[in-house]
Amino acid sequence: MGVYVGFDPTADSLHVGHLLGQITLRRFQLAGHRPFSLAGGATGMVGDPSGRSDERNLLDGDVLRHNVSRITSQLEKLLDFSKGETQATLVNNADWTEPMSALDFLRDVGKHITVNQMMAKESVKNRLQSENGLSYTEFSYMLLQANDFRHLCATHNVEMQMGGSDQWGNITAGIDLIRKTLSRQAFGATWPLVTKSDGTKFGKTADGAVWLDSARTTPYQFRQFWMQTTDDDAAKFLLWFSLSSTEEIGACVATHLNAPEKRHAQRALADEMTALVHGATAATDASAAADILFGADPVRASREAFDVVSHEVETVSVTTDDLLDTVAVLVRSGLAVSNSDARRSLQQKAMKANGSVLDDENALSNTPLLHGRYILLRKGKTTYRLLDLGQ
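Sequential numbering of the sequence shown, starting at 20, is according to this note's numbering.
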């Protein structure tokens, strides 16, 4: 069976809010079905009113085409596009929507869906009752998405559409259109909108969205997003996002419950998601970098892990001559506000270099470089600076 999930390419990267849909497609693919990921090159120019209280800013075609091209490489990591019976396919609804004239659209699509049906949809009713109202542009979004389902059913034998629960009205409109125009039975499935146990929206941090593009959200930051999951959410998210079997997930959660402080479930979730999105090597390096920044002995860490750390903490370029004056380096790095503050921190043994306490003003010059270029400074438990002699 062909099954599809759509997304509007309103940015040049997917974010973690898109992951559940693509992972669900992957599950169907592993079960022997054909997954289709639909990029809304056309619908993205209109904007879906579902789940929104105001109208989206409309993007032009060039921006959307650029976004689709960037997102394609991300999808190739989540789905298997190699030749075969279950080969994944990326389609763009601009390919069949843009050639359609307004008269064609009204005759071939609008004729089969009544305004009564559209007004009954929850997303439409909510917007009509809002202060901002609903534009005709957004009102027509449902028809465009319904036509997508019909087109994929007719041309690729796609019989099921999936999406978040806010998409139910759009999905059922497509099912009705297929029944009326193709005399075929189609199916829809939705999942609840993902929220955290405290009721807040999944996928947002204080810094904004968590992106799949490493240029927007680094693999380290991506992994830390999952590591910060609560115990209650970790078990739930493993079931939703992990491709492991339910038996493996159950064993993982049981191990976690025996020693929650070790965060076994969070580690399993973070490592699998990071490997899925960024690759196994990036996941390993991000994990090692996190170990360094959360107390592991930096002397044993790999060069790759330090390369990750250099992008996550403030890095200060220094020379071997600079290391002769530990106090000056501490002030320059921002770990001390003045020379006297630096000396006081040294006397109180509040500073560490590569895991060892700095206790005198000549200590840095005697500190072995890690991988021939790095010294990791730490003040207290969580404030770091990386000295780099290789730049």
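Even for Gly, the Cβ is constructed at its ideal location relative to N, Cα and C.
- Contact between G129 and F168 is absent: CB atoms are separated by about 15 Å, not below the 8 Å threshold.
- In this structure, the alpha-carbon of G374 lies about 42 Å from that of L98.
- For F206, the uninterrupted beta strand (DSSP E) run begins and ends at F206 to W210, by DSSP.
- In the three-state reduction of the DSSP assignment, L406 falls in the strand class.
- According to DSSP, I311 shares a beta bridge with no other residue.
- A straight line joining the alpha-carbon of V328 with that of Y393 spans about 10 Å.
- In the DSSP assignment, P28 falls outside any beta strand (DSSP E), carrying neither H nor E.
- When rounded, the separation of the alpha-carbon atoms in K220 and S233 is 22 Å.
- In the DSSP assignment, L389 is bridged to Y393.
- About 5 Å separates the Cβ atoms of Q180 and G207, confirming a contact at the 8 Å cut-off.
- Separation of the CB atoms of V65 and S159 is rounded to 7 Å, and the pair is thereby assigned contact status at 8 Å.
- Boundaries of the beta strand (DSSP E) harbouring K371: M370 to A372, taken from the DSSP string.
- R351 sits away from M292, with the two beta carbons spaced by 9 Å or more.
- Straight-line measurement puts the Cα of N189 at about 13 Å from the Cα of K144.
- A residue is called buried once 16 or more other Cβ atoms fall within 10 Å of its Cβ, and E150, having fewer, is exposed.
- DSSP places Q180 within a strand segment (E or B) once states are collapsed to three.
- Within the DSSP bridge table, the entry for N111 names A58 as partners.
- At a Cβ-Cβ threshold of 9 Å, Q204 and W245 do not count as neighbours.
- A direct Cα-Cα distance of roughly 14 Å separates F124 from A113.
- With fewer than 16 other beta carbons inside 10 angstroms of its own, Y155 counts as exposed.
- G21 has R53 and V177 as its beta-bridge partners, per DSSP.
- Counting the other Cβ atoms within 10 Å of the Cβ of V110 gives 16 or more, which makes it buried.
- Excluding residues up to 5 positions away in sequence, T274 and H275 lie with their Cβ nearer than 6 Å to the Cβ of H283 in the same chain.
- Taking the Cβ atoms as the reference, T29 lies roughly 6 Å from G63, within the contact range of under 8 Å.
- As for any alpha helix (DSSP H) of minimum length 4 sitting wholly inside the stretch 306 to 357, the runs are 322 to 331 and 345 to 352, ordered along the chain.
- Beta bridge pairing from DSSP links K220 with T214.
- In the three-state scheme derived from DSSP, where H, G and I count as helix and E and B as strand, K281 is classed as helix.
- Here N86 is buried, its C-beta having at least 16 other C-beta atoms within 10 Å.
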